[in-house]
Amino acid sequence: MKIVFFLFLLLLINCWYSQESKDTISQTSRNNIYFEIAGQSGFFSLNYERLFTTRNKKILLAGRSSIYYFNMYVLGHKSSSIGSPFSISLLSGKTRHKIELGISTSIDFSWSSTNSSKSLLNCLILGYRLQPKYKDVIIRITYCPYLFYDLNDNESHRSHWGGFSFGYCF
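Just so you know, we're using the numbering used here here: the sequence shown kicks off at 573 and counts up by one.
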């Protein structure tokens, strides 16, 4: 009877141990909602991001969608812009500190009392991210060089930009 009890106890302990996971994504929240100042959307944006695993446990894939709207007054003229950037990034790092490398694209709709325009905004994303395990906070700092293409005038220009993000993980 003691042998049967011992074998049962050994089997039960093994089942408890099998529930542990050492996967990187299980130690990181998969969904993020954050507010971005500057960055890939220009001035202010609200972002939703989903993290996915890759074959390499140290690299995560992030798909992001955001929306922005802002008003601007220049020399007494009001103009407004709205857009929704989509981006994809790779996150590298096995702890809470991660390096982010990605691309983003958006169609920007701008209008004022005198005209309206459509623009294509493409940007690279290079940044640092602090996303603690099992915590509710995400902090990002990014460098975002832009390629801005005006679809009405067929003109383009480049710009250097950066951003700061903070938000909630779940």
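Ideal Cβ positions, reconstructed from N, Cα and C, are used throughout, including at glycine.
Using the C-alpha atoms, what's the distance from residue j back to residue i?
{"i": "Phe-622", "j": "Asn-603", "result": "What sits at residue 622 in the sequence shown is Arg, not Phe. Those two C-alpha atoms are separated by around 5 Å."}
{"i": "Cys-741", "j": "Phe-720", "result": "31 Å"}
{"i": "Lys-670", "j": "Phe-624", "result": "14 Å"}
{"i": "Ile-710", "j": "Arg-636", "result": "14 Å"}
{"i": "Thr-596", "j": "Ala-634", "result": "Low local confidence applies: a pLDDT of 47 at Thr-596 is under 50, so the model's placement there is unreliable, with the coordinate-based value given in what follows. Thr-596 and Ala-634: Cα-Cα distance of roughly 14 Å."}
{"i": "Trp-733", "j": "His-649", "result": "24 Å"}
{"i": "Lys-705", "j": "Tyr-715", "result": "24 Å"}
{"i": "Asp-725", "j": "Asp-708", "result": "44 Å"}
{"i": "Ser-689", "j": "Ser-682", "result": "5 Å"}
{"i": "Ser-593", "j": "Ser-601", "result": "Because the pLDDT of Ser-593 is 49, which lies under 50, any placement of that residue in the model is unreliable, and the question is left without a value."}
{"i": "Ser-631", "j": "Tyr-700", "result": "Checking the sequence shown, residue 631 turns out to be Ile, not Ser. Near 14 Å, if we compare the C-alpha coordinates of Tyr-700 and Ile-631."}
{"i": "Arg-712", "j": "Ile-605", "result": "12 Å"}
{"i": "Phe-607", "j": "Ser-638", "result": "9 Å"}
So residue i and residue j are in contact, right, with Cβ under 8 Å, and what is the actual spacing, rounded?
{"i": "Gly-655", "j": "Ser-613", "result": "7 Å"}
{"i": "Ser-691", "j": "Leu-723", "result": "6 Å"}
{"i": "Ala-610", "j": "Phe-738", "result": "That belief does not hold up - the Cβ atoms of Ala-610 and Phe-738 are roughly 13 Å apart, past 8 Å."}
{"i": "Ile-660", "j": "Ile-675", "result": "6 Å"}
Pick from the options: whose alpha carbon is nearest that of residue i?
{"i": "Asn-687", "options": "Ser-652, Thr-714, Gly-648, Tyr-606", "result": "Ser-652"}
{"i": "Asn-628", "options": "Lys-650, Lys-666, Ser-659, Ser-678", "result": "Lys-666"}
{"i": "Met-644", "options": "Ser-638, Leu-632, Ile-631, Phe-616", "result": "Phe-616"}
{"i": "Asn-619", "options": "Ser-728, Tyr-641, Trp-733", "result": "Tyr-641"}
{"i": "Leu-693", "options": "Tyr-700, Ile-605, Ser-728, Leu-632", "result": "Ser-728"}
{"i": "Pro-717", "options": "Leu-696, Lys-707, Asp-708", "result": "Leu-696"}
I'd like to know whether the C-beta atoms of residue i and residue j end up nearer to each other than 8 Å.
{"i": "Leu-702", "j": "Arg-730", "result": "no"}
{"i": "Pro-657", "j": "Thr-677", "result": "yes"}
{"i": "Leu-673", "j": "Leu-647", "result": "no"}
* Asked: What beta strand (DSSP E) runs, 3 residues minimum, are completely inside the segment 616 to 683?
  -> Here the runs fully enclosed are 616 to 625, 631 to 646, 649 to 655, 658 to 664.
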